[in-house]
Amino acid sequence: PKQLGDFEVVSDIDYFIEEHFQESKNYRVFNLCRSYRYQTSGYYVSLLASARGQKPIPSLSTIQEMKTKAFVKITSDNLDALVQKSLADIKSDTFELSIYFGKNIARKYDKLAAELYKYFASPLIRAKFSKKNKWLLSSIGPISLKDVPRSHKVDLIYFAESYFKNATVRKPVKSARYSLAILRNPSEELPPSDDKAIQRFIKAAQNQQIEVDIIGPDDLRRLAEYDALFIRETTNVNHHTFRFAQKAKALGLVVIDDPESILRCTNKVFLAELLKRHHIPTPKSFIIHRKNLEQMLEKLPVPCVLKQPDSAFSQGVMKATTREEIIEKTEMMLKESDLVIAQEFMPTPFDWRIGIIDNKPLYACKYFMARGHWQIYNKKENELDYGHAETFPMEEMNPKLIALALKTAAAVGDGLYGLDIKEKDGKYYIIEVNDNPSIDAGVEDRVIKHHLYDEIINVFVKRLERKTKGYTE
104 PKQLGDFEVV SDIDYFIEEH FQESKNYRVF NLCRSYRYQT SGYYVSLLAS ARGQKPIPSL
164 STIQEMKTKA FVKITSDNLD ALVQKSLADI KSDTFELSIY FGKNIARKYD KLAAELYKYF
224 ASPLIRAKFS KKNKWLLSSI GPISLKDVPR SHKVDLIYFA ESYFKNATVR KPVKSARYSL
284 AILRNPSEEL PPSDDKAIQR FIKAAQNQQI EVDIIGPDDL RRLAEYDALF IRETTNVNHH
344 TFRFAQKAKA LGLVVIDDPE SILRCTNKVF LAELLKRHHI PTPKSFIIHR KNLEQMLEKL
404 PVPCVLKQPD SAFSQGVMKA TTREEIIEKT EMMLKESDLV IAQEFMPTPF DWRIGIIDNK
464 PLYACKYFMA RGHWQIYNKK ENELDYGHAE TFPMEEMNPK LIALALKTAA AVGDGLYGLD
524 IKEKDGKYYI IEVNDNPSID AGVEDRVIKH HLYDEIINVF VKRLERKTKG YTE
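Shown next, in the form of structure tokens:
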């Protein structure tokens, strides 16, 4: 066909040579060429579309990821529960799933097809699964129209027409220099930014001629449409936020939080070892596993704080006030993780929170403990109680406090971090490094107002300009 919905169908040669395709960024390219092999026409369509700023599907990085066994294995692991459920009734030891514009001809595989399309956005793909003890994704790759069985052609045309009819393709704003996706989850109970703060980020970006879209957990496949990703949802490694960060990095986007920062900050075991290696002061910390629990009991201070490695927002963090409690709570945590962090309990009325981006201080707050509680958050049965916060001008801060925050952030990376610091007897101790720190209207921005949002957006602009000029970060 010459037309699919609002989309024009053109040959690869026309795309290569027609002047209007060469000069406009306002096209989106869906590459249906026969092959994407290196130096074929299909390869060059995606290559030139990327160079022209036309955000092709598939992108070159997606083409490469389909060939990369490690990425295929990661995808298989991430989708394991869905794969086992979807293929439970298959009697043979192998299975092939054809995916046409995110769909399969059998509706029972729709969810699996859609999830695989999010990872490997390409018009026509075939996934191969094999079973030993359980089903595994063994390979996935693009297919050409000639590889589509005749009996599938009617469904393929229907899927294509439906896809292009309903495609929510972002139309670039002509005056925009760059495009930014902000990842949020509307169902998150404690998001890192409230609605007002998000609107202030959008305004700051628009002032820099950056077009902004809010995307959600189901929009992984849309990342190729953007130049940058800003994650404003609480991150974790075994979570879609990490997959977004990985995919964004693979696509060449500027991304905050980057996957390395998420890995380093969300795992307390890694962080404890990192801070120790850099001689950064912390409360006394111990790594506990099943085999050294009895030995550690002789060393652990009482009371102490026990942390699951991937704990966040006071979840998976417990205080133990007796040795019996230490044993009971540690054994409970060891059912979820092979390692647990035990840390000296250091009670203070507040924690310092120092915001850092690109190795520069951004804001300084005191987060006070929830009333009658030892943490900032106190989650009760049907309510959440949290302490109030105060924000201070950076010039009023003790230089030693800021120096410690900067040294710690530099050990982790150059992203956006919130450093939680205890002050006791005139000394400072790092408690946590948060890769996805809270930025709420009226709290962290209370002192420097809109400049807070401007500073963060400026980091995106600086990194985007460096990429545009061909420099590596």
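Residue numbers (the numbering used here): 104 to 576. Note that CB positions come from ideal geometry on N, CA and C, so glycine has one too. Only a predicted model underlies this, so the values are computations on that prediction, with no experimental measurement involved.
| Asked | Found |
| --- | --- |
| Cβ-Cβ distance between D360 and Y281 below 8 Å | no |
| Whole-angstrom C-beta distance between V132 and V148, which should lie under 8 Å | 7 Å |
| Residue interval of the beta strand (DSSP E) (run including I524) | L519 to K527 |
| Distance between L487 and D548 (C-alpha atoms, nearest Å) | 23 Å |
| Whole-angstrom distance between I246 and Y261, CA atom to CA atom | 18 Å |
| Contact with chain B by S414, beta-carbon distance below 8 Å | No chain B is part of this structure, which consists of one protein chain only. |
| Status (buried if at least 16 other CB within 10 Å, exposed otherwise) for G145 | buried |
| Extent of the continuous beta strand (DSSP E) to which V257 belongs | That residue, V257, is in no beta strand (DSSP E); its alpha helix (DSSP H) goes K256 to N269. |
| G518 vs S541 beta-carbon contact at 8 Å | no |
| Boundaries (first-last residue) of the beta strand (DSSP E) holding Q167 | Premise fails: Q167 lies in the alpha helix (DSSP H), L163 to K170, not in any beta strand (DSSP E). |
| Which listed residue (M472, D543, V546 and I551) has its alpha carbon closest to that of P496 | I551 |
| Alpha-carbon to alpha-carbon, D528 and F453 | 14 Å |
| Buried versus exposed, by CB contacts within 10 Å (16 or more), G205 | buried |
| From L437, H476 and D413, residue whose alpha carbon lies closest to that of E535 | D413 |
| Local conformation of A513 per DSSP, three classes | helix |
| Boundaries (first-last residue) of the beta strand (DSSP E) holding K463 | K463 to F471 |
| Top-ranked residue by Cα proximity to N134, from R426, E126, R229 and I160 | I160 |
| The region 386-397 touching the region 353-367, judged by at least three CB pairs closer than 8 Å | no |
| For P294 and E336, believed in contact at Cβ under 8 Å, the rounded distance | 6 Å |
| Inter-stretch contact at 8 Å, needing at least 3 Cβ pairs: the region 457-470 / the region 418-430 | no |
| Residues of its chain near T575, where Cβ-Cβ distance is below 7 Å and the 5 sequence neighbours each way are ignored | The predicted position of T575 is uncertain, since its pLDDT is 44 and thus under 50; a value taken from the coordinates is nonetheless stated next. Cβ neighbours of T575 beyond the five flanking positions: none. |
| Under the three-state DSSP convention, the category Y574 falls into | Only weak support is given to the placement of Y574: the predicted model assigns it a pLDDT of 48, under 50, and the value that follows is read from those uncertain coordinates. Three-state result, Y574: coil. |
| Status (buried if at least 16 other CB within 10 Å, exposed otherwise) for R380 | exposed |
| Residues sharing a beta bridge with Y203, DSSP | K206 and L227 |
| When L283, N207, S153 and R569 are compared against L577, the one with the closest alpha-carbon | Since the first and last residues shown for the chain are 104 and 576, residue 577 lies out of range. |
| Whether A473 touches N481 by CB criterion (8 Å) | yes |
| Contact check, Y466 vs I479, beta carbons under 8 Å | no |
| Straight-line Cα distance separating G355 from T451 | 43 Å |
| Those residues which DSSP pairs with W619 across a bridge | Lying before the first or after the last residue shown, residue 619 is absent from the chain, which here runs from 104 to 576. |
| Buried versus exposed call for G475 [16 or more other C-beta atoms within 10 Å across all chains shown] | exposed |
| Bridge-paired residues (DSSP) for A331 | L283 and V357 |
| Closest Cα partner of I505 within the set D117, A307 and D523 | D523 |
| Cross-strand partners of M421 (DSSP beta bridge) | L409 |
| Q125, enclosing alpha helix (DSSP H) - first and last residue | E122 to E126 |
| Rounded C-alpha distance that separates I285 from I560 | 12 Å |
| Run of the alpha helix (DSSP H) containing Y222, from where it starts to where it stops | D213 to Y222 |
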